[in-house]
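What follows is one structure encoded as structure tokens, with my remarks underneath.
In the numbering used here, the protein residues as written are 5 to 182.
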């Protein structure tokens, strides 16, 4: 069997899980998303991690506040459209100063086919920053692990509100299926 030429370019998907695991994350909360599918699948299979599917992204912030109060770390995986759902709830993290680590797959970014994703996709970074989040963006596979490690350190060691945006160039161009 020939090696998959896309494998090195897709190794960042494993990196997301590996960095979360190494950072001591015990709770991975998410709304299902293809960009996060590897991390979600691995979290669900890991007996040391509670993988919790959410109805809507803002539920994850309350869940992770409770995990932190219980002495455990967690991360919220979502799409950029979910950031819009979280704006009001991000105030909880900002005011209570508990660590909140978010990993956000971008839509409404490079090569987006769905025009309805564009407004929130274009506003995601600014919206997070307006709510007090520190934000980094990875568009190259080699950047994912170091940026996520740094964000996790700032979140968990500094009680920071941190987000890593995973750009659409990293994830790959989506195709409209009719």
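Glycine included, every Cβ here is placed at the ideal spot set by N, Cα and C.
Selection from the options that minimises the alpha carbon distance to residue i
i, options, result
"residue 175", "141, 102 and 110", "110"
"residue 121", "48, 87 and 139", "87"
"residue 62", "147, 144, 28 and 35", "35"
"residue 107", "177, 92 and 156", "156"
"residue 100", "125, 59, 65 and 126", "65"
"residue 130", "40, 45, 84 and 57", "84"
"residue 118", "104, 177 and 105", "177"
"residue 69", "21, 165 and 170", "165"
"residue 103", "90, 79 and 128", "79"
"residue 71", "82, 171, 28 and 44", "28"
"residue 125", "57, 82 and 46", "82"
"residue 43", "25, 59, 133 and 89", "25"
"residue 60", "45, 140 and 37", "37"
As assigned by DSSP and simplified to three states, the class of residue i
i, result
"residue 93", "helix"
"residue 8", "With a pLDDT of 47 at residue 8, under the threshold of 50, the predicted position of this residue should be treated as unreliable, and no value is reported."
"residue 125", "helix"
"residue 138", "strand"
"residue 35", "coil"
"residue 58", "coil"
"residue 53", "coil"
Bounding residues of the alpha helix (DSSP H) (the contiguous stretch that carries residue i)
i, result
"residue 110", "Looking at the DSSP string, residue 110 is not in any alpha helix (DSSP H), and its letter there is neither H nor E."
"residue 150", "145-162"
"residue 22", "16-26"
"residue 48", "41-49"
"residue 172", "172-175"
Residues bridged to residue i (per DSSP)
i, result
"residue 78", "31"
"residue 167", "106 and 139"
"residue 83", "109"
Residue-level contact to chain C via CB, residue i, 9 Å cutoff
i, result
"residue 38", "Absent from the structure: chain C. Only one protein chain is present."
At least 3 beta-carbon pairs within less than 8 Å: the region 69-76 vs the region 109-126: Under the 8 Å Cβ criterion, the region 69-76 does not count as touching the region 109-126, having fewer than three qualifying pairs.
With a cut-off of 8 Å, do at least 3 Cβ pairs link the region 13-24 to the region 142-152? Because the criterion of three Cβ pairs below 8 Å is met, the region 13-24 and the region 142-152 touch.
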